[in-house]
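Student: Residues in the sequence shown are numbered consecutively from 126, following our numbering. Even glycine gets a Cβ: it sits at the ideal position worked out from N, Cα and C.
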Amino acid sequence: MEKEKRPFEGINRRDFVQRTGAAAVAFSVLSPATVRAAEANSKINLGVIGCGGRGKWITDLFQKHGGYNIAAAADYFQDRVDAFGEKFEVPESKRFTGLSCYKRLLDSGVDAIAIESPPYFHPEQAAAGVDAGVHVYLAKPIAVDVPGCQSIEESGAKATKNN
126 MEKEKRPFEG INRRDFVQRT GAAAVAFSVL SPATVRAAEA NSKINLGVIG
176 CGGRGKWITD LFQKHGGYNI AAAADYFQDR VDAFGEKFEV PESKRFTGLS
226 CYKRLLDSGV DAIAIESPPY FHPEQAAAGV DAGVHVYLAK PIAVDVPGCQ
276 SIEESGAKAT KNN
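(1) According to DSSP, is L224 part of a helix, a strand, or is it coil?
(2) Less than 8 Å between the beta carbons of A251 and S225, yes or no?
(3) Given a cut-off of 8 Å, decide if E241 and V173 are closer than it, judged by their beta-carbon atoms.
(4) Got a sec? Which residues, its chain only, sit under 8 Å from F187 by beta carbon, not counting five neighbours each side?
(5) From this set, A284, H190, P248 and R220, which residue's C-alpha is nearest D200's C-alpha?
(6) Rounded to the nearest angstrom, how far is the Cβ of F202 from that of T222, given a contact under 8 Å?
(7) Report yes if the C-beta of K265 is less than 7 Å from at least one heavy atom of the ligand ATP; otherwise report no.
(8) Please state the DSSP three-state secondary structure of G172.
(9) Hey, A284 and I277 are a contact pair by Cβ (cut 8 Å); roughly how many whole angstroms apart?
(10) Measure how close the beta-carbons of D236 and I169 come, nearest whole angstrom, since I'm counting them as under 8 Å.
(11) Just how far apart, CA to CA, sit V150 and G258?
(12) Taking the runs of the beta strand (DSSP E) that are 3 residues or longer, which of them lie wholly in the segment 237-285?
What follows is the structure, given as structure tokens:
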């Protein structure tokens with residue numbers, strides 16, 4: 126019968142203290158932001174595409190959760206994006222309208238997007254978000270047909286590969 130090997134067998138107290146001391150020094154030399162991966166007070170700049178009822182609802186949840194700055198808004202209708210912008214204090218220069226408004230929102234410097242537009246726009250907008258390198262929060266239904274679902278699946282695979 127073989128002798129069972131213990132996890133710390135072969136390491137003495139001196140080696141243990143030296144190794145853990147080296148690790149502690151390494152963490153004290155690194156900046157706190159590097160150790161924690163981000164500053165404690167940094168916020169994610171979020172852009173919301175679709176400023177109707179669902180867009181307002183999800184944005185309220187993002188604000189309640191904390192950690193998000195509602196940085197930009199996009200909707201086909203001017204009155205919706207303006208009402209949304211007033212409620213969530215989005216600067217007028219970061220309110221976009223029209224069918225391609227999501228492209229201007231992506232160019233505005235957001236870190237993430239929440240897509241709450243009608244579902245037939247989801248595949249195109251999600252693909253654009255992935256191509257822009259931002260995080261994408263996507264409302265359901267993700268698409269209205271099989272090709273749209275396949276496009277979302279491809280965007281997800283691309284995002285996974287890029288991260």
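Tutor: Let me lay it out:
(1) coil
(2) no
(3) yes
(4) L171, Y193, I195 and A239
(5) R220
(6) 7 Å
(7) With respect to small molecules bound, the structure shown includes none, and the ligand ATP cannot be examined in it.
(8) strand
(9) That belief does not hold up - the Cβ atoms of A284 and I277 are roughly 10 Å apart, past 8 Å.
(10) 5 Å
(11) Note that V150 scores 41 on pLDDT, short of 50, meaning its location in the model is unreliable and no value can be drawn from it.
(12) 237-240 and 260-263
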